[in-house]
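Colleague: Below is one structure. I have some questions about it.
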Amino acid sequence: MTDQEIIVLYKQKGQEEKAFTELLQVYQERLYWHIRRMVTNHDDADDVLQNTFVKIWKALPKFRGDSGLFTWIYRIASNEALSFLNQRKKRLALRMDDPDQVVVNQLEGDEYFDGDYVQKKLYAVIETLPAKQKIVFQMKYFDEMKYQDISEILDTSVGALKASYHHAVKKIEQAFKED
Amino acid sequence: MKDSNNWQNKAKDNPFKVPHGYFESFEGRMMDRIAAESNLIHKRIIPMPVIRWITGIAAVFIMGFIGVQQFYMKPQQVLMNQEAMYEVLAYYAQDMDDASFSTMMADNKLLPADDAQDDAIDIVEWMDVDEMIIIDAMIEMAY
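Chains as they are written, first to last, in this note's numbering: chain A, 84 to 262; chain B, 19 to 161.
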């Protein structure tokens, strides 16, 4: 079912839940991977994904269609993931732990992470990036999204996104050169 | 963009996994949560608009009660309060001229504006007299 069909179905009286189920089927996996690469841990990704869909459900009646459904949904998921990362950083900082190192250690022992040396190294470096750089790198590099689409989702200029991506790539390259 | 470690080619494969059957069961779990959250809202004992009305009415009653209490305060209480206030004001009045003291009283709404000046002048005069008595007494004692 297309985004437009989901919206049309949602607007029909008594069809809201059916439309939402369709939306879940279309987006659950894509959003999960979008969030998972941000938060790395499966349980955290599951929490953030559920919170994202609860927000989507609550906000759907107010969806005016100014932006596309895809953009709108990704914006909610991205904000939710960024908010989670900020909270996690503060929580770990309060415990006097190094937030980046804690997440890297979690990755080492994560039964749902099956990466080789290069991948472990890459995600460890990504973990040290500022949250906004991290999400830009992920959307551009892994999701292969266009700058224009990322710009609409993150409400950031294309120029700023290019700069963020450039900085992120430089840091990753530097980390691998030092290895 | 080229890199000596060739990380860009290797790293795009997804190294993350999910528990068995995660995506298959997600929709059901999600709909359960949505239903639970909707029930919470529907099961609210008093609907939100009613709560807003009750809060508003309660606020009006409290404000009304305070107003009535102020209006019916016993004259004796008012007098005692004024006397206590005069004692405090008299202390500050020592270094002030009549006009300044009167302005301070009116600005701080310590007394009704119409009465402020007369009362203030009375206090200052009372202070002056007392001060003179004390000074006279001190001079007499010195000699």
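Even glycine gets a Cβ: it sits at the ideal position worked out from N, Cα and C.
Which residues in chain A have a C-beta closer than 8 Å to the C-beta of Glu45/B? List them in chain order.
Modeller: Position 27 of the second sequence, counted from the start, is the residue given in the question as residue 45/B. Here the neighbours are Thr104, Leu107, Gln108, Gln111.
Colleague: If you follow the alpha helix (DSSP H) that Leu244/A is part of, which residue opens it and which one closes it?
Modeller: Here residue 244/A refers to the residue found at position 161 of the first sequence. Segment 241-261, the alpha helix (DSSP H) holding Leu244/A.
Colleague: Drop a sphere of 10 angstroms on the beta-carbon of Asp127/A, count the other beta-carbons inside from all chains shown, and report buried for 16 or more, exposed for fewer.
Modeller: Taking the first sequence and counting its residues from 1, one reaches residue 127/A at position 44. The residue is buried, with at least 16 neighbouring Cβ atoms inside 10 Å.
Colleague: Going by beta-carbon coordinates alone, are Ala102/A and Tyr93/A separated by less than 8 Å?
Modeller: Here residue 102/A refers to the residue found at position 19 when the first sequence is read from its first residue. Here residue 93/A refers to the residue found at position 10 when the first sequence is read from its first residue. In contact: Ala102/A and Tyr93/A (Cβ atoms closer than 8 Å).
Colleague: Which of the three DSSP states is assigned to Phe34/B in this structure?
Modeller: Looking up residue 34/B in the second sequence gives position 16. Looking at Phe34/B - three-state DSSP - the assignment turns out to be strand.
Colleague: Any beta carbon from chain A within less than 8 Å of Glu55/B's own beta carbon?
Modeller: By 1-based counting over the second sequence, the position of residue 55/B is 37. Judged by the 8 Å Cβ criterion, Glu55/B is in contact with chain A.
Colleague: Let's see if you can read the secondary structure: which residues bound the alpha helix (DSSP H) around Ala212/A?
Modeller: One-based indexing of the first sequence puts residue 212/A at position 129. Correcting the residue identity first, residue 212/A is Leu in this sequence and not Ala. It is not in any alpha helix (DSSP H) - Leu212/A carries neither H nor E in the DSSP assignment.
Colleague: So, with DSSP's three-state summary, where would you put Phe153/A?
Modeller: Start at 1 with the first residue of the first sequence, and residue 153/A comes out as number 70. In the structure shown, Phe153/A sits in a helix (DSSP, three-state: H, G or I).
Colleague: Under a CB-based cut-off of 8 Å, is Val201/A close to chain B?
Modeller: Locating residue 201/A in the first sequence gives position 118, where the first residue counts as 1. Yes, contact with chain B.
Colleague: Across which residues does DSSP place Phe196/A in a beta bridge pair?
Modeller: As a first step, residue 196/A must be located in the first sequence, where it is residue number 113. In the DSSP output, where bridge partners are listed per residue, Phe196/A has Phe34/B.
Colleague: Which residues, taken in chain order from the region 119-131 of chain A, show a beta carbon closer than 7 Å to some beta carbon of chain B?
Modeller: Per Cβ criterion, the list reads Arg119, His125.
Colleague: With a threshold of 8 Å between beta-carbons, can Asp132/B be considered close to chain A, or not?
Modeller: Against the second sequence, residue 132/B aligns to sequence position 114. Confidence is the limiting factor: at Asp132/B the pLDDT is only 45, short of 50, which leaves the residue's position unreliable, though a coordinate-based value still follows. Closer than 8 Å: no.
Colleague: With C-beta atoms as the reference, is Phe34/B less than 8 Å away from Arg119/A?
Modeller: Here residue 34/B corresponds to residue number 16 of the second sequence, with the count starting at 1. Here residue 119/A corresponds to residue number 36 of the first sequence, with the count starting at 1. Yes, Cβ-Cβ distance for Phe34/B and Arg119/A is below 8 Å.
Colleague: Cα separation between Gln26/B and Tyr248/A?
Modeller: The count along the second sequence starts at 1 and reaches residue 26/B at position 8. The count along the first sequence starts at 1 and reaches residue 248/A at position 165. Taking the straight line from one Cα to the other gives about 14 Å.
Colleague: Pick helix, strand or coil for Arg178/A, following the three-state DSSP scheme.
Modeller: Residue numbering aside, residue 178/A sits at position 95 when the first sequence is read from its first letter. Three-state result, Arg178/A: coil.
Colleague: Under 7 Å Cβ-Cβ, which residues of chain A neighbour Val36/B?
Modeller: Locating residue 36/B in the second sequence gives position 18, counting from the first residue. In chain order: His125, Tyr195.
Colleague: Going by CA-CA distance only, name the one from Tyr206/A, Gly242/A, Lys254/A, Lys229/A that's closest to Asn32/B.
Modeller: Residue 32/B sits at position 14 when you count from the first residue of the second sequence. Closest option to Asn32/B, Cα to Cα, is Tyr206/A.
Colleague: Mind pulling the chain B residues with CB within less than 7 Å of Trp140/A?
Modeller: Here the question's residue 140/A lines up with position 57 in the first sequence. Those are Ile52, listed as they occur along chain B.
Colleague: Determine whether the beta carbon atoms of Leu165/A and Ile89/A lie at a separation below 8 Å.
Modeller: Counting from 1 along the first sequence, the entry for residue 165/A is found at position 82. Counting from 1 along the first sequence, the entry for residue 89/A is found at position 6. No, Cβ-Cβ distance for Leu165/A and Ile89/A is not below 8 Å.
Colleague: Take the Cβ of Asp238/A as the centre, count every other Cβ of all protein chains shown within 10 Å, and call the residue buried at 16 or more, exposed below.
Modeller: Position 155 of the first sequence, counting from 1, holds the residue named residue 238/A. Asp238/A is exposed by the Cβ-count criterion.
Colleague: Which same chain residues, not among the five before or five after Ile236/A, have their C-beta less than 7 Å away from its C-beta?
Modeller: What you label residue 236/A is simply residue 153 of the first sequence in a count that begins at 1. Result list for Ile236/A: Thr154, Tyr157, Arg158, Ser161, in chain order.
Colleague: With a threshold of 8 Å between beta carbons, is Gly198/A in contact with chain B?
Modeller: Position 115 of the first sequence, counted from the start, is the residue given in the question as residue 198/A. So yes, Gly198/A belongs to the interface.
Colleague: Would you mind working out which of Pro37/B, Phe44/B, Lys30/B, Val36/B sits nearest Gln133/A, comparing C-alpha positions?
Modeller: What you label residue 133/A is simply residue 50 of the first sequence in a count that begins at 1. Among Pro37/B, Phe44/B, Lys30/B, Val36/B, the Cα nearest to that of Gln133/A belongs to Phe44/B.
Colleague: Pop quiz: Val131/A and Arg51/B are said to be a contact at Cβ under 8 Å. What is the actual Cβ separation, rounded to whole angstroms?
Modeller: Residue mapping note: residue 131/A aligns to position 48 of the first sequence, counting from 1. Residue mapping note: residue 51/B aligns to position 33 of the second sequence, counting from 1. Not really, about 13 Å apart at Cβ, beyond 8 Å.
Colleague: Can you give me the C-alpha to C-alpha distance between Lys215/A and Val186/A, rounded to a whole angstrom?
Modeller: The count along the first sequence starts at 1 and reaches residue 215/A at position 132. The count along the first sequence starts at 1 and reaches residue 186/A at position 103. Roughly 17 Å separates the two Cα atoms.
Colleague: Can you find the residues in the same chain that come closer than 6 Å, C-beta to C-beta, to Ala258/A, ignoring five residues on each side of it along the sequence?
Modeller: Locating residue 258/A in the first sequence gives position 175, where the first residue counts as 1. Answer for Ala258/A: Val208, listed in chain order.
Colleague: Which residue comes first and which comes last in the alpha helix (DSSP H) that contains Met228/A?
Modeller: As a working note, residue 228/A is residue 145 in the first sequence. Neither: Met228/A is in no alpha helix (DSSP H) and is coded neither H nor E.
Colleague: Kindly list, in the order they appear in chain B, the residues whose Cβ is closer than 8 Å to that of Ile159/A.
Modeller: Along the first sequence, read from residue 1 onward, the residue named residue 159/A stands at position 76. Result: empty, since nearest Cβ-Cβ is about 14 Å, beyond 8 Å.
Colleague: I need the straight-line Cα distance from Asp132/B to Lys145/A, nearest angstrom please.
Modeller: Residue 132/B sits at position 114 when you count from the first residue of the second sequence. Residue 145/A sits at position 62 when you count from the first residue of the first sequence. The pLDDT assigned to Asp132/B is 45, lower than 50, so where the model puts this residue is not dependable; a value taken from the coordinates is nonetheless given after this. In a straight line, the C-alpha of Asp132/B is about 58 Å away from that of Lys145/A.
Colleague: What in chain B is Cβ-close to Val137/A, meaning under 9 Å?
Modeller: One-based indexing of the first sequence puts residue 137/A at position 54. Correct list: Met48, Arg51, Ile52, Glu55.
Colleague: When you compare only the Cα positions, how much space is there between Lys229/A and Lys217/A?
Modeller: Here residue 229/A corresponds to residue number 146 of the first sequence, with the count starting at 1. Here residue 217/A corresponds to residue number 134 of the first sequence, with the count starting at 1. Spanning the two alpha carbons is a distance of roughly 16 Å.
Colleague: For Phe225/A, decide whether its Cβ has a neighbour in chain B, counting only Cβ atoms nearer than 8 Å.
Modeller: Within the first sequence, numbered from 1, the residue matching residue 225/A stands at position 142. Answer yes: the Cβ-Cβ gap between Phe225/A and chain B drops below 8 Å somewhere.
Colleague: I want to verify the contact list: residues of chain B whose CB lies under 8 Å from the CB of Ile255/A, in sequence order.
Modeller: As a working note, residue 255/A is residue 172 in the first sequence. Within chain B, the residues near Ile255/A are Trp25.
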